[in-house]
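Right, one structure below, let's go through it.
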Amino acid sequence: MTRVLVVDDDPAIVRALVINLKARSYEVDSAHDGAGALRVAAAHHPDVVVLDLGLPDMDGVEVIRQLRGWSRVPVLVLSARHASDEKVQALDAGADDYVTKPFGMDELLARLRAAVRRAEPADGGDAVVETDAFTVDLAAKKVNRDGRDVRLTPTEWHLLEVLVRAGGRLVAQKQLLREVWGPSYGTETNYLRVYMAQLRRKLEADPSHPRHLITEPGMGYRFER
C-alpha cells in the first residue's frame, strides 16, 4: 500500500484528505506543523507527502528543504498561495508538484498518483533486482529467498532499498543514516552496524563473508549483485 503523509494545520482539510485517501486504500499519516511533519516522515518513511506551505511553526518551503537533506520522497504542495514566485520557490526547494486551494479532490488524487509513478523505477527490469542468493522487488517492496518471502522490518527494508537503488555506488554512512533514520541521526553509525548485520543474516548465504551487502570501512556501504 502507498503511504501518504498529509501536512496541514486546517483540521477540516486533513480530515477530508484522510477520508478520501483511506477510501482508496492508501495508508495515511498526518501532521499539523513542520516539526511534526519531519518527525513523522523520519519515523514512517511515506511514499509521498502532501504539504501545506502556511504552517504555524515554520514555512512549508523550509520543511521541503529539510526533507531534501535526507529524503527523495515526492512532495506535492497544497497551498492557498497563488503567486508564481512562491510556486517557483517551493519547486526550487525540491517540491515535485503544486496544487492551489481551493482544489478539486479528483485533480489532487490524480497529481498524487502521478508523483508516486514518477518516483517508481522506470521499467520492470529496474524494479526487480536479482542476485544468486535473493531477489528484491522494489515496486512490491518484497524480498524473496529460496522461493519464500523474507520478512523484513520497515527499517531493514528502507536500508536495503536505499542500497539497491544506488545501483552499486557507494552510499556514505551519513547519507544512509539520514535517509533511513532522519536528519538528526547522522552520527549514529552503530545503528548501521546492527541493521546491516540483521540484513546479512536474513539474506546472505554466508553472513560473515557477505557477497552482496558490502562494507567499505570508514566510508559506507554498497550493494553488489
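Just so you know, the sequence shown maps onto residues 42 to 266 in the numbering used here. Idealized CB from N, CA, C, for every residue including glycine. Treat the numbers as computed from the prediction; the structure is a model and nothing was measured.
* Considering glycine 261, what are the terminal residues of the beta strand (DSSP E) in which it resides? -> 261 to 264
* Fully enclosed by the region 97 to 172, which alpha helix (DSSP H) runs are 4 residues long or longer? -> 101 to 109, 125 to 134, 146 to 160 and 165 to 168
* Where alanine 181 falls: helix, strand or coil (DSSP) -> coil
* Own chain, CB closer than 7 angstroms to aspartate 133, minus 5 neighbours either side, in chain order -> none
* Indicate the three-state DSSP secondary structure (helix, strand or coil) for glycine 75 in the structure shown. => helix
* **Contact under 8 angstroms by Cβ, valine 203 with lysine 243** => no
* Asked: For valine 221, does the count of other Cβ atoms within 10 angstroms reach 16, so buried, or fall short, so exposed?
  -> buried
* Would you decide whether aspartate 187 is buried or exposed? Buried here means 16 or more other CB atoms lie within 10 Å of its CB. => exposed
* Do the region 226 to 233 and the region 150 to 160 make contact, defined as three or more Cβ pairs closer than 8 angstroms? -> no
* To do: Using the Cα positions of glycine 165 and proline 97, report the straight-line distance between them to the nearest angstrom.
  => Confidence in glycine 165 is poor, its pLDDT being 44 and thus under 50, which makes the residue's placement too unreliable to answer from.
* What separation, rounded to the nearest whole angstrom, lies between the Cα atoms of valine 47 and aspartate 247? -> 42 angstroms
* **Those runs of the beta strand (DSSP E) which lie wholly inside the region 217 to 261 and span at least 3 residues** => 254 to 257
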